[in-house]
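24 is the number that my numbering gives to position 26 of the sequence shown; each next residue is one higher, with no gaps.
Here is the structure we will look at.
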Amino acid sequence: MAIDPKLLEILACPLCKTPVRLTADKKGLKCGHCRRIYPIKNDIPIMLIDEARIEKKPKRKAHA
Ligand SMILES: [Zn+2]
């Protein structure tokens, strides 16, 4: 199953309002501006800043 392209068109990063794009593995939606990747769970994009991960070296502990 894939995300509805019409849905993708209206999705944007909740932080910086930049339209997000599907990642290569189709498991997330990436904001090209702040580099956050929002997860897709059960074909539903989770557009929450708290759920997003930032594309860079993973930290051992998630500590904000
Ligand atoms: Zn963003």
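A virtual CB, placed ideally from N, CA and C, is assigned to each residue, including glycine.
Helix, strand or coil for Lys4 per DSSP?
Reading the sequence shown from its first residue, position 6 is the one you call residue 4. Three-state DSSP puts Lys4 in a helix.
Contact check, Glu53 vs Arg34, beta carbons under 9 Å
Here the question's residue 53 lines up with position 55 in the sequence shown. Here the question's residue 34 lines up with position 36 in the sequence shown. Contact: yes.
Less than 8 Å separating the Cβ of Thr16 from some heavy atom of ligand 3?
The model on display carries ligand 1 but not ligand 3.
For Lys54, report the span of its beta strand (DSSP E) as first-last.
Indexing the sequence shown from 1 puts residue 54 at position 56. First-last for Lys54: undefined, no H or E at that position.
Check the C-beta distance from Ala22 over to Thr16 and give it rounded, since I have them as a contact under 8 Å.
Working through the sequence shown from its first residue, we reach residue 22 at position 24. Working through the sequence shown from its first residue, we reach residue 16 at position 18. Not confirmed; about 18 Å, so no contact.
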